[in-house]
Structure formats: structure tokens, C-alpha cells
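*Asks:*
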Amino acid sequence: MIRSLPNSTPYKILFRVFIILFFIFLTMPLITISILAFNDSNFISLPWHGFTFDWFFADSGDRLGLFKDEDLMASIWTSLQTGFVVALLSTIFGTIAALLFEEENFRFKGFLYFLALSPLVIPGVILGISILLSSTFAGNYMEDNYGLDLEFLRPSFWLVVFGQFSFGATYVMLLVSARLKKFDRTLEEAALSLRANRLEAIWYITIPYLKPAIVGAFVVAFLISFSNFNTTIFLVGSDATLPVDLYSRIKFSSTPVLNAVSFMIVVFITIFAVVNFVVNRKK
Amino acid sequence: MRKIDLTFYLLLVPVLLWLIILIVLPHFDLLLSSFKFENDDGDLVYSFNNYLAFFEDKIYWLTFVKTAVYSIVVTFIVFIITFPVAFYLVKVVARKYSGFMVVLLLIPIWVGELVTIYGWMILLSDNGVINQFLMGIGLIETPIVMLYTDFSMTIGLVYMSMIFMIIPIMAALESLDDSLIEAACDLGASKWTIFTKIVIPYSMPGIVSGGIIVFMLVIGDYIAPNILGGKSSLWFTEQIYNKFLSTFNWNEGAAFGFLLLALSSTIIWVTLKLTGQKLEKVGS
Numbered sequence: 002m003i004r005s006l007p008n009s010t011p012y013k014i015l016f017r018v019f020i021i022l023f024f025i026f027l028t029m030p031l032i033t034i035s036i037l038a039f040n041d042s043n044f045i046s047l048p049w050h051g052f053t054f055d056w057f058f059a060d061s062g063d064r065l066g067l068f069k070d071e072d073l074m075a076s077i078w079t080s081l082q083t084g085f086v087v088a089l090l091s092t093i094f095g096t097i098a099a100l101l102f103e104e105e106n107f108r109f110k111g112f113l114y115f116l117a118l119s120p121l122v123i124p125g126v127i128l129g130i131s132i133l134l135s136s137t138f139a140g141n142y143m144e145d146n147y148g149l150d151l152e153f154l155r156p157s158f159w160l161v162v163f164g165q166f167s168f169g170a171t172y173v174m175l176l177v178s179a180r181l182k183k184f185d186r187t188l189e190e191a192a193l194s195l196r197a198n199r200l201e202a203i204w205y206i207t208i209p210y211l212k213p214a215i216v217g218a219f220v221v222a223f224l225i226s227f228s229n230f231n232t233t234i235f236l237v238g239s240d241a242t243l244p245v246d247l248y249s250r251i252k253f254s255s256t257p258v259l260n261a262v263s264f265m266i267v268v269f270i271t272i273f274a275v276v277n278f279v280v281n282r283k284k
Numbered sequence: 002m003r004k005i006d007l008t009f010y011l012l013l014v015p016v017l018l019w020l021i022i023l024i025v026l027p028h029f030d031l032l033l034s035s036f037k038f039e040n041d042d043g044d045l046v047y048s049f050n051n052y053l054a055f056f057e058d059k060i061y062w063l064t065f066v067k068t069a070v071y072s073i074v075v076t077f078i079v080f081i082i083t084f085p086v087a088f089y090l091v092k093v094v095a096r097k098y099s100g101f102m103v104v105l106l107l108i109p110i111w112v113g114e115l116v117t118i119y120g121w122m123i124l125l126s127d128n129g130v131i132n133q134f135l136m137g138i139g140l141i142e143t144p145i146v147m148l149y150t151d152f153s154m155t156i157g158l159v160y161m162s163m164i165f166m167i168i169p170i171m172a173a174l175e176s177l178d179d180s181l182i183e184a185a186c187d188l189g190a191s192k193w194t195i196f197t198k199i200v201i202p203y204s205m206p207g208i209v210s211g212g213i214i215v216f217m218l219v220i221g222d223y224i225a226p227n228i229l230g231g232k233s234s235l236w237f238t239e240q241i242y243n244k245f246l247s248t249f250n251w252n253e254g255a256a257f258g259f260l261l262l263a264l265s266s267t268i269i270w271v272t273l274k275l276t277g278q279k280l281e282k283v284g285s
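From first to last, the protein sequence lines stand for chains A and B. According to the numbering used here, the first sequence is numbered sequentially starting from 2. According to the numbering used here, the second sequence is numbered sequentially starting from 2.
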């Protein structure tokens, strides 16, 4: 049943088989893509035709490898930039929100907190179309009344950033709040009684304490941004992000270069996860 | 009265900007747009026509009902699959392995839905890995059609959402004192009794949080139904995408979007009421 209790053998075996099946289910898609990224074939799936690096480096005839595909490299670059800006904005605003809701008391706090949490239960599609509608309204209004043509109010890099930031900040807020809840308030009080003002106390005492959570939240916000599709698709302009590019390739022109991109993502994420795991365990 | 607290406003203003500009106003505009309708003279007027279009065309509300029912069913499937896994990771497996297994669980989510769903597309297609394997070992002679069906769509939906059920259940189980289970066992309770009377009731807050997140992700998903689902497995989000990105009827799309938002909020609200939980708990 649990570690401390003896178990009957059939129960133990059955449980273990279930868990093994589950982990096969979990890892199968990723392992499959990773292997097929090296398949010497023009089709994304089986049969296996031998090993090749073509889908990474080829630039000949019908094969265009990942690193030679300028569109793909451009969309990866766009996604990296978007992810960085979104993570930065989300981290700043999310941390401020965590400080506000954990440390201050004011009227309508409950309502405001509810709003801050709402992106958790609003489907990404809805956030996407809402922000598209309101930015279009605002854009038309500015153009009609002031003759201003503001690019960031049309589907563009910045609109994608705003769209992803709108929910990225919620996740940062939750991650930072979790650590802030364990914070010993007397440290701040001590700083205050030593004649620091509130801002100094937060900046020199609270923020350093929160630093691990803030760094972690920055990474999470980056990853959320990097893989987001549901909200982004409505807000994207001429420069596609990686998921938008991948989606149109999957639907209309799939070649094994998709496997190669997926393989690279899987490798980076796995390295990151393992490093993260080892570092955390050492602490 | 104390003097105006500068720090408080420095914290409040950015949060207000975020919430008003990116959450409140957009949803207000969504509601407003859903009532805008271009009449025969080409003028924009306020009317219920966009909502009427939803009820008049069978395909729309059938998709709507199907999406709602499927989302609830998928949430239950996710619970049934993931509960033993969460229990195993917290209470059964040796501590030194559980951390590593949790990392394994997280990798597919960090990799992103698009990539994993694409992986399932390769696995399930007619000449895909699973069919080739089954034919290779002689279990079947012709490929089984799995891709572009409700089956493949369900697999995709379960796969992309299950981690969001596991984590909250694990968090709830962490605080379950082992001695409760030991005591029940000493008193002769069967495993079934222990699960239904102790473990599941105790982890209910985690199950509800996970259920709400999973439900929201599933009902709002586009990638899995669109890439893995067939023509018959139309998802309501696909209708919204079509209105915005193919037919450019934004106002009707806004009405559909608002209906989806109303549906998911209602179901989540009812769940919270029935189980006596608060949204704040879901967040943690």
C-alpha cells in the first residue's frame, strides 16, 4: 500500500506495470520524434531508411535542413526575443503583484486578486480574441481621432508580447507569492525600525530573499511564452513565432525538418531539466 | 489618518494597469463586439443576431454541447489515469527516484503542446509507429485507423493536460499522514476502503484544483482537436478560430467566444460551489 506497509505481490506487480505503461505513454511521442529526426526519408514517419543528418544540415534539392532553413531560423529567433521580453515584463509585474497581494491590505483586494487569477480559468483563445478586439478598437480610435497609426495595436511582435504577458504575469505572481508566504516578516520590520523606508526594506531585504523564486518564475514565463500557440495565433503579425510556424508546416507541408526542430527542443529542455534537478538536489 | 503611502501606490498602479488594460477592457470589448451586427444597409447596429446565429445553426450548438460533454469526460479520464501515478510518486516509490520521475513528467509540458501533439500524429497515423509495430509482430494485418478520430483527439487532450492534475494531487497527498493509512490497515480495512474513505477524500482539494485547470485547458484547446481530430470531431474553439481567421466575422466570433467563456466559467463556478472551494485555492 505505502512504503511502510507490506504488500501482496500481485498488487505490487500490477501497480508497477501500470506505472511503467504510464511512463511509456508519457515519453513515447518525444522518443519517436527524436529518433525520426535522423531518418533518411522524405516523409515524417516510418519506414526507417537509415541514419542521416540531412534534416539538420542539408541544403540541396528537396531537402532543407533546420540550420539552413531561413524561415525556420527566423521564427526561432522571433520566439527567443518574444520569450525574453515576455519573461522580463511578466517577472516585473508578477513580482509587484505578489508583493501587493501578500503585504498590503486595501479595499477591493479580494476582487483584484480574483482578476489577477482569472487568466488561470480563461481559455487562451478567449484572451487572444479579446486582446485582438480591444487593440483593434484602440487602434482605430487613435487613427480616427489623432491620425496616429500605432503599429503595436495591430497584430505584431508587441501585440504578441502583450497577449502572452497578460497571463504570464499570473504564473509569476503565484510562484513568487508561494515563497513570499514563507518570508519572515520580522526581517522587514527590523529594517523599518532601523529607519529604512518601505521601499528600501523591500528592495534590500525582501527582493534578495525572493531571488530564487524570481529567477525560477522568469524561466517559467519564458517557457510558457516560447511554446504558446492558442493566444499567439490571433495576435501574430508578419513575423511568425516558432509554434505558429510549426503549426502551419504540420498542417500544410510537413517534412522531417519538423522532427529535427522538435528534437532540438526536446534536447534543450531535457538538459535544462536535468541541470535544474541536479542543482536543486545539491541544495 | 496616516500619510499617503507611496510604496502602496507604486505597487498598486502597475497591477491596475496590467489588469485593466489586458484583462478587464479586452473582455468588455469582447462582450460589446458580440452584440454588434452589420445590418442589410451595411450599418453596425446592436442586436442579438450573433447569438441567434448560434442557436439557428445546428452545427454550432451541437459542437458546443459536444465540446462541453467531452471536456468533462476527458477530465474524468485524466483523473482516473493520474491518481494512481500521483499516489505512487508520493507514497509508494522510494524517495530517491520520485524526484527524477517528477522531472520526467514535466519535460513534455516544457517541450510544448505543439511538439508533443505532433509526436502523437506520427505515432498514430496509418503508417505510423504503432501500426507498424502491431503489423510487425503480426497482431494485425492492415493498419487500424486511429488518426483523425475522436480516439486520437482524446489521447492528445489527455496527454497535454495530465500533468496539471498530477501536481495538485501530489501536493495534497504530501500532507497526508501515513499513520492514517497504517491505522486503517491495522484495523483490517481493505485497499478499496482505504482509497475511497481516506486517500481520495483527503486529496479532494487537489483533485478539484487539478480538475478545474484540466477542464479549462481541454475546453479551450485548439491544437489537439485540430491536428489529431477528424472532420467529425469539431471542437468549439475551432469555430471561433474560423470566425476570426477564415471568414473574418469577428462579431459573431466574439459572441461565440463569450459563450465559451460563459460555459467554462459556469462549470468551474458550479464545481467550486459544490465542493466548497475557492478560486484562491486553485491558484496555489
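Where a beta carbon is used, it is the ideal one built from N, C-alpha and C, also for glycine.
From this set, A:259, A:168, A:214 and A:276, which residue's C-alpha is nearest residue 33 of chain A's C-alpha?
*Replies:* In the first sequence, the residue the question calls residue 33 of chain A occupies position 32. Taking only the C-alpha atoms, the option nearest residue 33 of chain A is A:259.
*Asks:* Residue 41 of chain B touches chain A at which residues, Cβ-Cβ below 8 Å?
*Replies:* Against the second sequence, residue 41 of chain B aligns to sequence position 40. Simply none; closest approach about 23 Å.
*Asks:* Out of B:6, B:150, B:241 and B:256, state which residue places its alpha-carbon closest to the alpha-carbon of residue 106 of chain A.
*Replies:* The sequence position of residue 106 of chain A within the first sequence is 105, counting from 1. Checked all of B:6, B:150, B:241 and B:256; the closest Cα to residue 106 of chain A is B:6.
*Asks:* Could you tell me which chain B residues have their CB closer than 8 Å to the CB of residue 244 of chain A, listed as they occur along the chain?
*Replies:* The count along the first sequence starts at 1 and reaches residue 244 of chain A at position 243. Result: 113 and 115.
*Asks:* When you compare the CB of residue 183 of chain B with every CB in chain A, is at least one pair closer than 8 Å?
*Replies:* As a working mapping, residue 183 of chain B is identified with position 182 in the second sequence. Yes - at least one Cβ of chain A is within 8 Å of the one on residue 183 of chain B.
*Asks:* List the whole-angstrom C-beta distance separating residue 111 of chain A from residue 176 of chain A, where the pair is believed to meet the contact cut-off of C-beta under 8 Å.
*Replies:* Looking up residue 111 of chain A in the first sequence gives position 110. Looking up residue 176 of chain A in the first sequence gives position 175. Rounded, the Cβ-Cβ distance is 21 Å, inconsistent with contact.
*Asks:* Buried or exposed for residue 265 of chain B, going by 16 or more other Cβ atoms inside 10 Å?
*Replies:* Taking the first residue of the second sequence as position 1, residue 265 of chain B is located at position 264. By the neighbour-count rule (16 or more Cβ atoms within 10 Å), residue 265 of chain B is buried.
*Asks:* Please name the residue in A:272, A:262 and A:225 whose C-alpha comes closest to that of residue 111 of chain B.
*Replies:* For the purposes of this step, residue 111 of chain B is taken as residue 110 along the second sequence, with counting starting at 1. Measuring from the Cα of residue 111 of chain B, the nearest candidate turns out to be A:225.
*Asks:* Kindly indicate which residue of A:4, A:173, A:205 and A:174 has the alpha-carbon position closest to the one of residue 188 of chain A.
*Replies:* Walking along the first sequence from the start, residue 188 of chain A turns up at place 187. Out of A:4, A:173, A:205 and A:174, A:205 has the C-alpha closest to the C-alpha of residue 188 of chain A.
*Asks:* Where does residue 265 of chain A sit, in a helix, a strand or coil, going by DSSP?
*Replies:* Along the first sequence, read from residue 1 onward, the residue named residue 265 of chain A stands at position 264. In the structure shown, residue 265 of chain A sits in a helix (DSSP, three-state: H, G or I).
*Asks:* Once DSSP output is grouped into helix, strand and coil, what is the label at residue 182 of chain A?
*Replies:* Locating residue 182 of chain A in the first sequence gives position 181, where the first residue counts as 1. Residue 182 of chain A falls in the coil class under three-state DSSP.
*Asks:* Can you find the residues in the same chain that come closer than 6 Å, C-beta to C-beta, to residue 262 of chain B, ignoring five residues on each side of it along the sequence?
*Replies:* Your numbering for residue 262 of chain B matches position 261 in the second sequence. Answer for residue 262 of chain B: no residue qualifies.
*Asks:* Can you tell me whether residue 272 of chain A is buried or exposed? The criterion is at least 16 other CB atoms within 10 Å of its CB, across all chains shown.
*Replies:* Counting from one through the first sequence, the residue named residue 272 of chain A turns up at place 271. Counting Cβ neighbours within 10 Å, residue 272 of chain A comes out exposed, since fewer than 16 surround it.
*Asks:* Going by the CB atoms, is the gap between residue 264 of chain A and residue 38 of chain A shorter than 8 Å?
*Replies:* Residue 38 of chain A sits at position 37 when you count from the first residue of the first sequence. Residue 264 of chain A sits at position 263 when you count from the first residue of the first sequence. Yes, the pair counts as a contact, with Cβ atoms nearer than the cut-off.
*Asks:* Step through the CB atoms of chain A and report whether any lies within less than 8 Å of the CB of residue 128 of chain B.
*Replies:* By one-based count along the second sequence, residue 128 of chain B stands at place 127. Cβ-Cβ to chain A under 8 Å: yes for residue 128 of chain B.
*Asks:* Taking the alpha-carbon positions, what's the residue 52 of chain B to residue 132 of chain B distance?
*Replies:* As a working mapping, residue 52 of chain B is identified with position 51 in the second sequence. As a working mapping, residue 132 of chain B is identified with position 131 in the second sequence. Approximately 44 Å, taken between the alpha carbons.
*Asks:* Consider the Cβ of residue 2 of chain B: report whether some Cβ of chain A lies at a distance smaller than 8 Å.
*Replies:* As a first step, residue 2 of chain B is located in the second sequence; it is residue number 1 there, counting from the start. Here residue 2 of chain B scores only 40 on pLDDT, less than 50, and its place in the model should not be relied on; the value that follows carries that caveat. Residue 2 of chain B does not count as touching chain A.
*Asks:* Below 8 Å on the Cβ atoms is my guess for residue 76 of chain B versus residue 271 of chain B; work out the distance and round it to an integer in Å.
*Replies:* Residue numbering aside, residue 76 of chain B sits at position 75 when the second sequence is read from its first letter. Residue numbering aside, residue 271 of chain B sits at position 270 when the second sequence is read from its first letter. That belief does not hold up - the Cβ atoms of residue 76 of chain B and residue 271 of chain B are roughly 13 Å apart, past 8 Å.
*Asks:* Please decide whether residue 265 of chain B counts as near chain A, where near means a Cβ-Cβ distance under 8 Å.
*Replies:* Translated into positions along the second sequence, residue 265 of chain B becomes position 264. It does: the Cβ of residue 265 of chain B has a partner Cβ on chain A nearer than 8 Å.
*Asks:* Does residue 215 of chain A pass the burial test, meaning 16 or more other C-beta atoms within 10 Å, or should it be called exposed?
*Replies:* In the first sequence, residue 215 of chain A corresponds to position 214, counting from 1. Result: buried.
*Asks:* With burial defined as no fewer than 16 other Cβ atoms inside 10 Å of the residue's Cβ, what is the status of residue 193 of chain B: buried or exposed?
*Replies:* Locating residue 193 of chain B in the second sequence gives position 192, where the first residue counts as 1. Answer is exposed; the Cβ neighbour count stays below 16.
*Asks:* Distance, Cα to Cα, residue 104 of chain A vs residue 228 of chain A?
*Replies:* For the purposes of this step, residue 104 of chain A is identified with residue 103 of the first sequence, where counting begins at 1. For the purposes of this step, residue 228 of chain A is identified with residue 227 of the first sequence, where counting begins at 1. Using only the alpha carbons, I get a separation of about 33 Å.
*Asks:* Once you ignore the five residues that flank residue 34 of chain B on each side, which residues in its own chain have a CB closer than 7 Å to its CB?
*Replies:* Within the second sequence, the letter at position 33 stands for residue 34 of chain B. Once the five neighbours on either side are set aside, the close Cβ partners of residue 34 of chain B are 251, 252 and 255.
*Asks:* For residue 37 of chain B, which beta-bridge partners are listed by DSSP?
*Replies:* In the second sequence, the residue the question calls residue 37 of chain B occupies position 36. Answer is B:47.
*Asks:* Decide if residue 129 of chain A is buried, meaning its Cβ has at least 16 other Cβ atoms within 10 Å, or exposed.
*Replies:* Position 128 of the first sequence, counting from 1, holds the residue named residue 129 of chain A. Under this definition residue 129 of chain A is a buried residue.
*Asks:* Using three-state DSSP, classify residue 252 of chain B as helix, strand or coil.
*Replies:* Taking the first residue of the second sequence as 1, we reach residue 252 of chain B at position 251. Looking at residue 252 of chain B - three-state DSSP - the assignment turns out to be helix.
*Asks:* For a cutoff of 8 Å on Cβ pairs, would you count residue 271 of chain A as touching chain B?
*Replies:* Residue 271 of chain A sits at position 270 when you count from the first residue of the first sequence. Cβ-Cβ to chain B under 8 Å: yes for residue 271 of chain A.
*Asks:* Would residue 121 of chain A and residue 214 of chain B qualify as a contact pair, given that the criterion is a beta-carbon distance under 8 Å?
*Replies:* Taking the first residue of the first sequence as 1, we reach residue 121 of chain A at position 120. Taking the first residue of the second sequence as 1, we reach residue 214 of chain B at position 213. Their beta carbons are under 8 Å apart, which means residue 121 of chain A touches residue 214 of chain B by this criterion.
*Asks:* Under 8 Å between the Cβ atoms of residue 23 of chain B and residue 127 of chain A?
*Replies:* Here residue 23 of chain B refers to the residue found at position 22 when the second sequence is read from its first residue. Here residue 127 of chain A refers to the residue found at position 126 when the first sequence is read from its first residue. No, Cβ-Cβ distance for residue 23 of chain B and residue 127 of chain A is not below 8 Å.
*Asks:* For residue 267 of chain A and chain B, any beta-carbon pair shorter than 8 Å?
*Replies:* Within the first sequence, residue 267 of chain A is the residue found at index 266, counting from 1. Residue 267 of chain A counts as touching chain B.
*Asks:* Within 8 Å of any Cβ in chain A, is that where the Cβ of residue 87 of chain B sits?
*Replies:* Mapped onto the second sequence, residue 87 of chain B falls at position 86. By this cut-off, residue 87 of chain B is not an interface position.
*Asks:* When the Cα atoms are used, what is the spatial distance from residue 225 of chain B to residue 96 of chain B?
*Replies:* Against the second sequence, residue 225 of chain B aligns to sequence position 224. Against the second sequence, residue 96 of chain B aligns to sequence position 95. The alpha-carbon atoms of residue 225 of chain B and residue 96 of chain B are separated by roughly 34 Å.
*Asks:* Starting from residue 82 of chain A and walking both ways along the alpha helix (DSSP H), at which residues does that stretch end?
*Replies:* Taking the first sequence and counting its residues from 1, one reaches residue 82 of chain A at position 81. Note, residue 82 of chain A: alpha helix (DSSP H), 71 to 104.
*Asks:* According to DSSP, is residue 61 of chain A helix, strand or coil?
*Replies:* Taking the first residue of the first sequence as position 1, residue 61 of chain A is located at position 60. Looking at residue 61 of chain A - three-state DSSP - the assignment turns out to be strand.
*Asks:* Might you give, ordered along the chain, the residues of its own chain that have their beta carbon closer than 8 Å to the beta carbon of residue 92 of chain A, omitting 5 neighbours on each side?
*Replies:* Sequence index remark: in the first sequence, residue 92 of chain A carries index 91 (1-based). Counting only Cβ-Cβ distances below 8 Å, and skipping sequence neighbours, we find 173, 215, 218, 219 and 222.
*Asks:* So that I know if they touch, is there some Cβ in chain B lying closer than 8 Å to that of residue 74 of chain A?
*Replies:* Residue mapping note: residue 74 of chain A aligns to position 73 of the first sequence, counting from 1. For residue 74 of chain A, the answer is no, since every Cβ of chain B falls outside 8 Å of its Cβ.
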